[in-house]
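If you count the sequence shown from 1, you need to add 28 to reach our numbering.
Inspection log for the structure reproduced underneath, given as structure tokens.
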Amino acid sequence: MKTTFLALVLTGAQWSAFAHNDATENYVVHEWGTFTSVQGADGVQQEWNPIITTELPTFVYDLAKPSGNPRRASTAFGAKSAFRTLQRMETPVIYFYSDRERSVDVDVRFPQGIITEWYPQARDVGPSLMRPREWFTRIDDAARKAGLQPLVHLSSLDTKKGINESVIRWMGVNISPERMPAADAPLLPTEKSGSHYYAARETDAAVLRVSAPMNGATKQESEKFLFYRGVGSFTAPLQVTTGSESDCVTLRNTGPNELTGLFVLQVRGGEGRFIYVDRLPAGEDKSVKLLPGRDWTPPGELALQIGERMRRALVGAGLYPREAAAMVNTWRDSWFEDQGLRVLYLLPRAWTDSILPLTLDPKPRELVRVMVGRAEVITPAMEWELLKQIVRYNEADPAAKQKAVAETRKLGLGRFAELAVRKVLGNTPSREFSNLAWELLGATGKQEKEKATAVARR
């Protein structure tokens, strides 16, 4: 009888644990972000490295200044701009809404990529290793100086607590449901640079407080969201091919899930035009034609038109209206005003969950994740114009060089210029010509960085 009773108790405890793990609590989590890929007219996605990166506030952590645990060191060297990869994961932000104050643990894994920037400070960012404690190292050094040769170094025993997987973890995120009074607004960090970062705060989301590990101590940081970015080596599910004039664009869904909310957008010479495609079933193609000489709209008007359409698409995907507006405002100039040909589209939730698994403990009553894919296209016309400017830059006249720099800037290649130069040089074995091309890129990039910094600090 006692044995039977004990078995029933243990069984009940197990079911109670399972029920607790599956239970949800009365809070809501919404997330949005973007994945950017670049491809040529043939639709092949290319590895790329932007010479210009979106400026972030200096309080944001990155691989170059991770802070936190002084013993922890990243196994990925350099900041985001040091990587040449297929995808740039840009500005995912996670919002929380709660009926009461509560604490939540957040775990985001990125199996095919690396987390490169984040805020507030996280407990863990991997992959990483742990440096040995200083006193272990001192003992090893003393033994070595004494001529001893131990079979095992103490420091080697103290480096096995690293993180092997690509992950970011925030533990004990405190959710405050009350709206932050204006008097408390200074609690949120701010500065003049990184203006696009702050647009994401314009929502009704709860204020979050995180006790951040800071060099052996703790520091409380506040924000309206959890922010992270990264790079990855995987292909997006949309393939875009174009003709020589880029007026005819073919979209192909290479993934297993339907794509929705596709915007084919072209901006050139201060004007733009777009075509909206409601959905593209898995494995299917669709060709759209941007009629030459027609439907060109001034950039301000274009941004209003496509911005409103994009907001509706984001709300339809599950975001709250203010969240959708915050996302559009964050990316307005990059999406709708940067020169070039691109396709913006909503990524399937199944794709997002596969690429970027998210675990919340306890589980929320509702979880919405909306990611926008951006497929940037380097067209043959862009490559040809760039080639002409490289040839012009070859002229010895300093005035001609300056004109080539100015004309290259007008191409609006921006952060995709590095890939465009590599594509142009692909069939050019001349080292001298290659050196001139990279010199031109450096001169153009310097001016672009100065312009970007000035815009961000307005």
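Using N, Cα and C, we set each Cβ at its ideal position, and we do this for glycine too.
Let me know if residue i comes out buried or exposed under the rule of 16 or more other beta-carbons within 10 Å of its beta-carbon.
i	result
Ala428	exposed
Arg100	Low confidence applies here, because Arg100 scores a pLDDT of 47, under 50, leaving its location unreliable; read the following figure in that light. Arg100 should be labelled buried.
Pro426	exposed
Asp313	exposed
Gln67	buried
Thr119	buried
Gln430	exposed
Asp361	exposed
Thr52	exposed
Asn281	buried
Gly328	exposed
Asp90	buried
Phe33	Caution is warranted here: a pLDDT of 46 is assigned to Phe33, below 50, making its placement in the model unreliable, and the coordinate value is therefore given only provisionally. That one is exposed.
Leu319	exposed
Thr39	Because the pLDDT of Thr39 is 48, which lies under 50, any placement of that residue in the model is unreliable, and the number read from its coordinates should be weighed accordingly. Exposed, since its Cβ has fewer than 16 Cβ neighbours within 10 Å.
Glu460	exposed
Thr270	buried
Arg340	exposed
Gly454	exposed
Ala378	exposed
Under 9 Å between the Cβ atoms of residue i and residue j?
i	j	result
Thr407	Ala445	no
Glu145	Val88	yes
Phe253	Ile122	yes
Gln73	Gln267	yes
Ala487	Glu423	The requested residue 487 is not part of the displayed model; the chain covers only 29 to 486.
Gly401	Pro284	no
Lys451	Glu411	yes
Arg237	Glu219	no
Pro205	Tyr125	yes
Gly229	Ala150	Rather than Gly, the amino acid found at residue 229 in this sequence is Arg. Result no, Cβ atoms of Arg229 and Ala150 do not sit closer than 9 Å.
Ala352	Ile418	no
Ser65	Gly141	no
Leu84	Tyr225	yes
Leu375	Glu75	no
Leu332	Val398	no
Leu215	Val201	no
Phe138	Ile196	yes
His58	Ala240	no
Val153	Pro217	no
Gly470	Pro78	no
Thr278	Gly71	yes
Leu114	Phe262	yes
Ala227	Thr62	no
Val316	Gly335	no
Looking at the secondary structure, which residues open and close the beta strand (DSSP E) in which residue i lies?
i	result
Lys220	Lys220 -> no beta strand (DSSP E), and no H or E assigned at all.
Asn54	Thr52 to Gly68
Pro120	Gln115 to Ser126
Val316	Asp313 to Lys317
Val292	Leu287 to Arg296
Arg151	Premise fails: Arg151 is in no beta strand (DSSP E) and is neither H nor E.
Glu446	Unbroken run through Glu446 is the alpha helix (DSSP H), Ala445 to Leu453; no beta strand (DSSP E).
Trp146	Gly141 to Tyr147
Asp323	Element bounds for Asp323: n/a, residue is neither H nor E.
Leu279	Cys276 to Asn281
Arg301	Glu299 to Leu308
Thr270	Leu266 to Thr270
Phe255	Leu254 to Gly260
Arg130	Arg130 to Arg137
Leu236	Val235 to Met242
Asp389	Leu386 to Asp389
For the alpha helix (DSSP H) holding residue i, just list the boundary residues, first then last.
i	result
Leu430	The sequence shown places Gln at residue 430, not Leu. Residues Pro426 to Lys438.
Asp381	Arg377 to Ile383
Ala352	Pro349 to Phe364
Ala409	Pro408 to Tyr421
Ala245	First-last for Ala245: Ala245 to Glu251, but that is the beta strand (DSSP E), not the alpha helix (DSSP H).
Leu374	It is not in any alpha helix (DSSP H) - Leu374 instead sits in the beta strand (DSSP E) that spans Gly368 to Leu374.
Gly346	That residue, Gly346, is in no alpha helix (DSSP H); it is neither H nor E in DSSP.
Under 8 Å, with one C-beta from each stretch per pair, do the region 356-368 and the region 245-254 reach the 3-pair mark?
no
Cβ contact check for the region 130-143 and the region 379-393: 3 or more pairs under 8 Å
yes
Taking contact to mean 3 or more Cβ pairs, one atom from each stretch, closer than 8 Å, check whether the region 323-337 and the region 389-407 are in contact.
no
Could you check whether the region 293-307 touches the region 254-263, counting it as contact only if at least three pairs of C-beta atoms, one from each stretch, sit closer than 8 Å?
no
For the region 303-310 and the region 277-289, state whether three or more C-beta atom pairs, one from each stretch, are separated by less than 8 Å.
yes
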